[in-house]
Every structure is written in structure tokens, then in C-alpha cells.
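Residue numbers (full-length UniProt numbering): 1 to 115.
Beneath this line is the structure, given in C-alpha cells, with notes to follow.
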């Protein structure tokens, strides 16, 4: 037995019901309080997960904006020179290469329109 523990408090269901009636006054008010707490919990959940979702969708999906003909005509050339590759880095997959080419095309189109 741990001396830091306190005795467990057990309550009968009818005692809990009487206490809730004292606090809230009626079953309708108790139900309203439960709904309010549930909505607050859901709002906290949205705030917590909203940040995670917004940060994961911030990237530009250039592969969806490019025409398939443009991506195929450019081939799958790796845009990174060998000197920039990190030691032990995994090689780029074909889909990553296509995305990088499409993003490069999009950037060059945007820069061309600005000048």
C-alpha cells in the first residue's frame, strides 16, 4: 500500500443524480450543459487539428496544374546537380521528378509574366 494514496471515493448513482439536480436544477439544463461541453470539446479539437491540417496543405500541387503533355515532353530529368545531393540521400522517385519539373515550369512561366 502506498501512503501517498488517498481512499477511493465511491458514489451511488442516486447520489450523483441528486447532486446534479442541485447544481443544474432540471434534466433539461443538465442536457444543455452536456451539449455545451461537447461543442466546446469539438471546437478545441478543430483548433488543435486545424493547425496540423493547414500546415500539411500549404504546399503547391504543381503536378495538378501542369498539362500532362508538358510533363511527358520534358522527360524525367533530375533537376538537382550531383554536387548538391546529400550523402546517403534517397534517389528521387519518378513522381517526385515529374513534380519538380512541373514546378520548375510553373515558376518560369510566372517569372516570364512578371518581366
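Just so you know, even glycine gets a beta-carbon here, dropped at the ideal spot from N, CA and C.
| Item | Value |
| --- | --- |
| Residue 97: buried (16+ other C-beta within 10 angstroms of its C-beta) or exposed? | buried |
| Starting from residue 20 and walking both ways along the alpha helix (DSSP H), at which residues does that stretch end? | 13-24 |
| Could you tell me the alpha carbon to alpha carbon distance between residue 105 and residue 112, rounded to whole angstroms? | 10 Å |
| Have a look at residue 6 and residue 46 and give me their C-alpha separation to the nearest angstrom. | 37 Å |
| Does residue 10 come out as helix, strand or coil in the three-state DSSP assignment? | coil |
| Buried or exposed for residue 31, going by 16 or more other Cβ atoms inside 10 Å? | exposed |
| Between residue 35 and residue 3, what straight-line distance do the alpha-carbon atoms span, to the nearest angstrom? | 39 Å |
| Who are the Cβ neighbours of residue 90 in its own chain at under 7 Å, not counting the five residues just before and after it? | none |
| Does DSSP put residue 2 in a helix, a strand or coil? | coil |
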